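In what follows, a single structure is set out as structure tokens and then discussed.
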Amino acid sequence: MTSAVLPLVALAAAAVAMLLFYRPGYVAVMFGLALPLGALEPPGGIPMSIAMSVLVIAVAMVQRLQRGLLPLPRSWPTLMAVIWSVGVLFSVLLGPSLIKAATFGMWQIVSFLLAICWAEVAGRPSVFRKAVVATLIGGTIVALSGPFMASGEVEVAFGGSVVSNRPTGVFAQPNEYGLFCLLMLVFALGIFAGTRGSLRLLSGGASTAATVGLLISLSRGAWVGAAGGVIALLVLMPQFRRIFVVGGLGILAALSAIMLSPVQIPFASVVVSRALTINADAENPYDFRPLFRAEGLRLWEASPWFGQGPNSFPELSTGINSVARPGGAEHAHTLLLAIGSEQGLIGLAALIGLGASVVFAAAIVRPSLVATHRANRIRNHGELPKLRKSPPLSAVVTVSASAALAGFVVEGLADFAIRNPLSRTTLFLLIGWALAGYRLRKIELATLTTQASRMPGPLVSKAAEGVG
122 MTSAVLPLVA LAAAAVAMLL FYRPGYVAVM FGLALPLGAL EPPGGIPMSI
172 AMSVLVIAVA MVQRLQRGLL PLPRSWPTLM AVIWSVGVLF SVLLGPSLIK
222 AATFGMWQIV SFLLAICWAE VAGRPSVFRK AVVATLIGGT IVALSGPFMA
272 SGEVEVAFGG SVVSNRPTGV FAQPNEYGLF CLLMLVFALG IFAGTRGSLR
322 LLSGGASTAA TVGLLISLSR GAWVGAAGGV IALLVLMPQF RRIFVVGGLG
372 ILAALSAIML SPVQIPFASV VVSRALTINA DAENPYDFRP LFRAEGLRLW
422 EASPWFGQGP NSFPELSTGI NSVARPGGAE HAHTLLLAIG SEQGLIGLAA
472 LIGLGASVVF AAAIVRPSLV ATHRANRIRN HGELPKLRKS PPLSAVVTVS
522 ASAALAGFVV EGLADFAIRN PLSRTTLFLL IGWALAGYRL RKIELATLTT
572 QASRMPGPLV SKAAEGVG
């Protein structure tokens, strides 16, 4: 069977290579459509999401070298990537298992570089919209994997604190699935609020699929993170506020109908009981997360600058000095302690620095959203209400990705669900989308400024209004 498949794989690889040779920007489209395959791990041992990330990085670097540029741009995110990579290399040397730490550390470097190189390949006018569509399609398929791959009924114990047989989709754990749905939900909601036509329909479908996946994942951390992401959208995107009010009223009406209905809906009661235990984990005698966090702090204090090494927590947490022994844990159950214990202050500094670039990008493009919103409000009170304008897609994507990342930070206060390759790749993909939108917006503003400088005097002011 393997011998029969190999020629097909070789033929597909040749077709992809030919496409990328003539249309290298389409690697971003291929990446988005291939998201559902990201959790697969071929016999070679390299997850598909990592292999696809390497392809994006290679294409971006080759394109820059062909233009006589450095492989990576001279930018703040690149500086953070250098710090991150150096920190990973040093932390690998301190890890208990050199090969395991080196392998996982290499994946972390690839994920970080993906964010930078994604801005290079997707942040172009000819590719940007197509890549957004591909990401929404791929994300929708992954989100729908939960309900379609679910088997059996969930079992609830301790008032909803413990739920077994939760849907996981293509992921290994339900919290990883919940995190993906959280990221895709907020990202798609922002695009839905800021676009029209086919892109709005597609993002609406993606947000619906992600909402279903988020609910059935029963991941309380992802639920809280989604709330944080929605709040970020309300702050950053004025176009989202009316949609939030209408959608909120619809959700309240649906919840009221469910609660007042004489017919019991089993899964709805599971969701409600699960939500009521967000702050009631003391009822669960099997909740060892405080011990896992204490162990993360202990390991971090033992090596504060570079940590204990990538993916070292599962092994070290079972050691004789561990406060989480004998069972140990996969991670420290918070973003801060998980990164700190394995990569130390250097890794945290690089990650925070990359996050600062996302905040900066969102702050720069947000005035475009505000200006368009205000202009549409003026048109609504004028004689030409049909001439409503959509904000620049570049600004919409940057703000949507930034809000989704804000939701991840909130979720990270209670969990660390990016150990999975696809979860980690999706996180850095959204960072890449924020940077790509910012890059494209700079190109658009430069083009408008150039056009305005060539216009006759009376038209310059109108062009300047378009720049704002």
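Residue numbers (my numbering): 122 to 589. Positions of the beta carbon are idealized from the N, C-alpha and C atoms, including for glycine. Given the structure is predicted, the values throughout are model-derived calculations rather than measurements.
Original post:
Leaving out five residues before and five after GLY558 in sequence, what residues of the same chain have Cβ atoms less than 6 Å from its Cβ?
Top reply: SER515, VAL518, THR519
**OP:** Report back the beta-carbon spacing between SER232 and ARG545 to the nearest angstrom; my notes put them in contact at under 8 Å.
**Re:** 5 Å
**OP:** Taking LEU235 as the reference, give the member of GLN187, ALA181, LEU257 with the closest Cα.
**Re:** ALA181
Original post:
Hey, quick one: how far does the beta strand (DSSP E) through GLU276 stretch, first residue to last?
Top reply: 276–278
**OP:** Could you spell out where the alpha helix (DSSP H) holding VAL254 opens and where it closes?
**Re:** It spans 249–270 - the alpha helix (DSSP H) in which VAL254 sits, taken as one unbroken run.
Subject >> Collapsed DSSP secondary structure at VAL283 in the structure displayed >> reply: strand
Original post:
How many angstroms separate the CA atom of GLY326 from the CA atom of MET305?
Top reply: So the alpha carbons of these two residues sit roughly 11 Å apart.
Original post:
Which of helix, strand or coil does DSSP assign to PRO288?
Top reply: Coil, per DSSP.
Original post:
By DSSP, does GLY589 sit in helix, in strand, or in coil?
Top reply: With a pLDDT of 42 at GLY589, under the threshold of 50, the predicted position of this residue should be treated as unreliable, though the coordinate-derived value follows. If DSSP states are grouped into helix, strand and coil, GLY589 belongs with coil.
**OP:** State the start and end residues of the unbroken alpha helix (DSSP H) segment that holds PHE549.
**Re:** 542–574
Original post:
Do the segment 407–426 and the segment 192–200 touch if we need at least three Cβ pairs shorter than 8 Å?
Top reply: no
Subject >> Endpoints, alpha helix (DSSP H) assigned at PRO425 >> reply: From DSSP, PRO425 is part of no alpha helix (DSSP H); its letter is neither H nor E.
**OP:** Pick helix, strand or coil for LYS90, following the three-state DSSP scheme.
**Re:** A question about residue 90 goes unanswered here, because the residues of the chain that appear run from 122 up to 589.
**OP:** Note down the Cα distance separating SER390 from PRO163, rounded to an integer number of angstroms.
**Re:** If you take the alpha carbons of SER390 and PRO163, they lie about 40 Å apart.
**OP:** Measure the C-alpha to C-alpha separation of ILE178 and ARG144 and round it to an integer number of angstroms.
**Re:** 15 Å
Original post:
Would the beta-carbon of ALA453 fall within 8 Å of that of PHE537?
Top reply: yes
**OP:** Report the option in ASN432, ILE441, GLN464, LEU457 whose CA atom is closest to the CA atom of GLU451.
**Re:** Looking at ASN432, ILE441, GLN464, LEU457, the one whose alpha-carbon comes closest to that of GLU451 is ASN432.
**OP:** For GLY267, collect the residues of the same chain with a Cβ closer than 6 Å to its Cβ; drop the 5 residues on either side in sequence, then sort them by chain order.
**Re:** PRO288, GLY290, TYR298, GLY334, ILE337
Original post:
With a Cβ-Cβ cutoff of 8 Å, do LEU320 and VAL242 count as a contact?
Top reply: no
Original post:
Could you give the distance in angstroms between the alpha-carbon of GLY146 and the alpha-carbon of LEU376?
Top reply: 45 Å
Subject >> GLY368 versus LEU490 - alpha carbon distance >> reply: About 21 Å.
Subject >> Spatial neighbours of THR493 in its chain, beta-carbon cut-off 6 Å, leaving aside the 5 residues before and after >> reply: LYS510, PRO512
Original post:
Taking the alpha helix (DSSP H) that THR224 falls in, what are its first and last residues?
Top reply: 219–243
Subject >> Distance CB(VAL351)-CB(VAL531) smaller than 8 Å >> reply: no
Subject >> Candidates GLY260, ALA240, SER438, LEU322: closest to ALA482 by CA position >> reply: ALA240
Original post:
By Cβ distance below 8 Å, which residues in the same chain neighbour ALA210 in space, the five residues on each side in sequence not counted?
Top reply: According to the sequence as given, residue 210 is Leu; it is not Ala. The residues are GLY226.
Subject >> When LEU373, ARG540, GLN464, PRO359 are compared against ALA524, the one with the closest alpha-carbon >> reply: PRO359
Subject >> ARG341, enclosing alpha helix (DSSP H) - first and last residue >> reply: For ARG341, the uninterrupted alpha helix (DSSP H) run begins and ends at 341–357, by DSSP.
**OP:** For PRO542, I'd like the list of residues in its chain whose CB is within less than 6 Å of its CB, leaving aside the five on either flank, ordered along the chain.
**Re:** PRO168, SER170, ILE171
**OP:** Give the C-beta separation of GLY440 and SER462 to the nearest angstrom, bearing in mind that I take them to be a contact with Cβ-Cβ under 8 Å.
**Re:** Not confirmed; about 13 Å, so no contact.
Subject >> Pairwise C-alpha distance: THR224 and ALA471 >> reply: 20 Å
Original post:
Helix, strand or coil: which one does DSSP assign to PHE409?
Top reply: coil
Original post:
Just checking my contact of VAL284 with GLU276 at CB under 8 Å: how many whole Å lie between their CB atoms?
Top reply: 7 Å
Original post:
By how many angstroms is the C-alpha of ARG395 removed from the C-alpha of TRP554?
Top reply: 33 Å
**OP:** Would you kindly check if the distance between the Cβ of ALA343 and the Cβ of LEU300 is under 8 Å?
**Re:** It is a contact, given that the beta carbons lie within the stated cut-off.
**OP:** Please list, in chain order, all residues of the same chain as GLN184 whose beta carbon is under 8 Å from its beta carbon, the five residues on each side excluded.
**Re:** PRO145, GLU241, VAL242
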